[in-house]
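Asks: Here it is, the structure in full.
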Amino acid sequence: MIIHSQFENFKTFCGDSIEAQNVIEGFVDMIFADPPYFLSKGKTVRINGQYKKFDKGEWDQEKSFEEINHFNYKWLEACKNVLKPDGTIWVSGTYHNIFSVATCLQKLGFRILNIVVWQKSDPRPTLSTQYFSFTAEYLIWARKSASHPHFFNCAKMEEMNNGKRMPDVWQIPIVRPWEMRCGQHPTQKPLKLLHRIILASTRPGELILDPFAGSCTTGIAANLLGRDFIGIDKENQYLRIGNLRRLELENPDIVARMIKMLQANSSEPTVMVNHARKSTKKIMLEKGICYLRAGDSKGSLLVKPGFERLQYVLIHTNGEDCHLYKLRSKGIFQIWTHETLVRHGFSPSNAPYYIVLHFDTSKEITITKDINLKAKRYSYVAKIMPISELI
Ligand SMILES: C[S@@+](CC[C@H](N)C(=O)[O-])C[C@H]1O[C@@H](n2cnc3c(N)ncnc32)[C@H](O)[C@@H]1O
């Protein structure tokens, strides 16, 4: 196993998670595992008119039911051996692996505590029309032993949920561009998800293991919250990203910004981020009018939660030359026809209706954060962002 241990509180090992017990001295307080879901079938899918191979990597290739069960049993057994008697484990998954994980946990004597639904507030579109859209992942939380009580910070969870008991359905957005500054992992988890998990189930100073660490989201959240981290992954390229992310935490300004992002609440004002061709953008900025197609075709906006909190508009061209303005009226938009836009001097594409936002051009707002709209492959797709990601 290759060991990277530049920091005492952040150690990563490149190797197989089944060997976890060989690299850990003593025991860990909590394990978060985001194992392969075995989703990749090597099939080609059509996304926005382009054919792409749906493939997360060799480690995620579809396997037989027996192979998945065997794999899950082996790594969970290894995890059980390194967990303290009162320790807990979180495992994420979708229907592809989660039932196998639950069965193996029970066979190994773990006691399941909750199944949390991570409801993605901004899921990627489901391409096939044969299913309901896929918007959730599942997190099993279990404790090692039936007899040893586990730790749960109920009060902290209530505080984070406006004084009400935290439910088992969590609305959290998918990973944001600012979390991928050090490189991209194909299945990176959002920091906000790990932040909540760690606050709920560990105390400061405790030791957390992630046997499928990838880009080490668990480790970053752990260290931000004063917990120690051990991560294992068989791909060195991902651990390298994780270690770069950890290096970033040496910068107090970056840490302060991350904490602010993590604390951003669901009542925060949002920004409509909209791509426009250079010539169209010029007219938009002159007139204080921004428009986008209604619907879910290329470049248009599918109205999602957050729209009702819209207070700003950011207009860019292919991720560059960004301009941020406040809307004239909070949360107000109009639907215009193609003809109305033409009458106002625009040359829209051929859609019949457009969402129109009016913004105040008298005062451009300075963007103070590093944004990389190009980090998302489809920068022309309109999206809604919390304002704290920009200023
Ligand atoms: C779903 S990803 C984890 C992503 C991670 N949560 C993050 O936020 O970046 C699963 C990871 O498990 C790793 N992996 C797959 N099989 C493994 C094994 N047998 N032992 C160790 N790592 C493995 C893959 O390289 C991949 O990075």
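Just so you know, this note's numbering puts 637 at position 139 of the sequence shown, and the rest follows in order with no gaps.
Yeah, the Cβ is synthetic: ideal placement off N, Cα and C, and Gly gets one too.
Since the structure is predicted, the reported quantities are computational estimates derived from the model, not experimental observations.
Assuming Tyr810 contacts Leu825 (C-beta within less than 8 Å), just tell me the rounded distance between them.
Replies: Confirmed, Cβ separation roughly 6 Å.
Asks: Verify whether the separation of the beta carbon atoms of Trp588 and Ile695 is less than 8 Å.
Replies: Closer than 8 Å, so yes.
Asks: According to DSSP, simplified to helix, strand and coil, what is Met664?
Replies: In this structure, Met664 counts as coil in the three-state DSSP scheme.
Asks: Counting Cβ pairs, one atom from each stretch, are 3 or more of them under 8 Å apart for the segment 724 to 733 and the segment 748 to 756?
Replies: Verdict: no, contact absent.
Asks: Counting only the same chain and skipping the five closest in sequence on each side, list residues whose C-beta sits under 6 Å from that of Lys539.
Replies: So the list reads Glu560, once near-sequence residues are dropped.
Asks: Going by CA-CA distance only, name the one from Gly804, Trp573, Cys602 that's closest to Ser619.
Replies: Per the Cα distances, Gly804.
Asks: Starting from Trp616, follow its DSSP beta bridges and name the residues at the other end.
Replies: DSSP output for Trp616 lists Glu635, Trp668 as bridge partner(s).
Asks: Ligand 1 and Pro675: does the residue's C-beta get closer than 7 Å to at least one heavy atom of that ligand?
Replies: It does not: the Cβ of Pro675 is nowhere closer than 7 Å to a heavy atom of ligand 1.
Asks: When you compare only the Cα positions, how much space is there between Leu689 and Pro623?
Replies: Rounded to the nearest angstrom, the two C-alpha atoms are 21 Å apart.
Asks: Would you kindly check if the distance between the Cβ of Leu888 and the Cβ of Val769 is under 8 Å?
Replies: Yes. Within cutoff.
Asks: Apply the 10 Å Cβ neighbour rule to Val667 and answer buried if 16 or more other Cβ atoms are within range, or exposed otherwise.
Replies: Looking at its Cβ environment, which holds fewer than 16 other Cβ atoms inside 10 Å, Val667 is exposed.
Asks: For Glu635, count neighbouring C-beta atoms within 10 Å of its own C-beta (all shown protein chains included) and say buried if the count is 16 or more, exposed if not.
Replies: The residue in question, Glu635, is buried, as its Cβ has 16 or more Cβ neighbours within 10 Å.
Asks: Opposite Thr586 in the DSSP bridges: which residues?
Replies: BP columns for Thr586 point to Met528, Arg641.
Asks: Out of curiosity, what's the CA-to-CA distance linking Phe650 and Arg609?
Replies: Cα-Cα distance, rounded: 14 Å.
Asks: Tell me which residue opens and which closes the beta strand (DSSP E) that Pro750 is part of.
Replies: Premise fails: Pro750 lies in the alpha helix (DSSP H), 750 to 761, not in any beta strand (DSSP E).
Asks: Using a Cβ-Cβ cutoff of less than 7 Å, which residues in the same chain neighbour Ile853 once the five nearest sequence positions on both sides are dropped?
Replies: Within the same chain, Ile853 has close Cβ partners Tyr789, Leu790, Ala792, Leu799, Phe831, Ile833.
Asks: Report the start-end ranges of each alpha helix (DSSP H) in the segment 695 to 759 that is 4 residues or longer and not cut off at the edges.
Replies: 715 to 722, 734 to 746, all fully within the segment 695 to 759.
Asks: Regarding Tyr736 and ligand 1, is the C-beta to nearest heavy atom distance less than 7 Å?
Replies: Yes - ligand 1 has a heavy atom lying nearer than 7 Å to the Cβ of Tyr736.
Asks: Could you please give me the residues that DSSP links to Gly591 through a beta bridge?
Replies: For Gly591, which the question treats as bridged, DSSP gives the partners Tyr636.
Asks: Any heavy atom of ligand 1 closer than 7 Å to the Cβ of Ile695?
Replies: False, no ligand heavy atom lies under 7 Å from that Cβ.
Asks: Ligand 1 and Asp514: does any heavy atom of the ligand fall closer than 7 Å to the residue's C-beta?
Replies: For ligand 1, at least one heavy atom lies less than 7 Å from the Cβ of Asp514.
Asks: Where does Asn570 sit, in a helix, a strand or coil, going by DSSP?
Replies: Three-state result, Asn570: helix.
Asks: Could you pull out every residue in the same chain whose Cβ sits closer than 6 Å to the Cβ of His693, ignoring the five residues on either side in sequence?
Replies: Within the same chain, His693 has close Cβ partners Ala719, Leu760.
Asks: Within 10 angstroms of the Cβ of Val879, are there 16 or more other Cβ atoms? Answer buried if so, exposed if not.
Replies: Label assigned to Val879: buried.
Asks: Output the distance between the C-alpha atoms of Gln669 and Asp514, rounded to the nearest integer angstrom.
Replies: About 32 Å.
Asks: Per DSSP, which residues does Leu822 bridge with? Please list them.
Replies: According to DSSP, which records beta bridges pairwise, Leu822 is partnered with Leu812, Ile863.
Asks: Decide if Ala653 is buried, meaning its Cβ has at least 16 other Cβ atoms within 10 Å, or exposed.
Replies: Burial call: exposed.
Asks: Measure the C-alpha to C-alpha separation of Ile566 and Cys602 and round it to an integer number of angstroms.
Replies: Each residue's alpha carbon lies about 10 Å from the other.
Asks: Label Pro665 either buried or exposed according to how many other C-beta atoms from any shown protein chain fall within 10 Å of its C-beta, with 16 as the threshold for buried.
Replies: Classification for Pro665: exposed.
Asks: Give the list of continuous beta strand (DSSP E) stretches no shorter than 3 residues that lie fully inside the segment 829 to 853.
Replies: Entirely contained in the segment 829 to 853, the beta strand (DSSP E) runs reaching 3 residues are, in chain order, 832 to 835.
Asks: Is Arg841 buried or exposed, if buried means 16 or more other CB atoms sit within 10 Å of its CB?
Replies: Looking at its Cβ environment, which holds fewer than 16 other Cβ atoms inside 10 Å, Arg841 is exposed.
Asks: Got a sec: does ligand 1 put a non-hydrogen atom nearer than 7 Å to the Cβ of Ala711?
Replies: Yes.
Asks: With C-beta atoms as the reference, is Ile529 less than 8 Å away from Pro709?
Replies: For Ile529 and Pro709, yes; Cβs fall inside 8 Å.
Asks: How close, in whole Å, do the beta carbons of Thr510 and Leu737 come, if the pair is a contact with beta carbons under 8 Å?
Replies: Their Cβ separation, rounded to whole angstroms, is 5 Å, which keeps Thr510 and Leu737 in contact under 8 Å.
Asks: Anyone know if the C-beta pair for Thr893 and His773 falls short of 8 Å?
Replies: No answer is possible for residue 893: it lies beyond the span of the chain, which begins at 499 and ends at 889.
Asks: Apart from the five residues just before and just after Gln604, which ones in its own chain have a Cβ nearer than 8 Å to its Cβ?
Replies: Excluding positions up to five away in sequence, the list reads Ile610.
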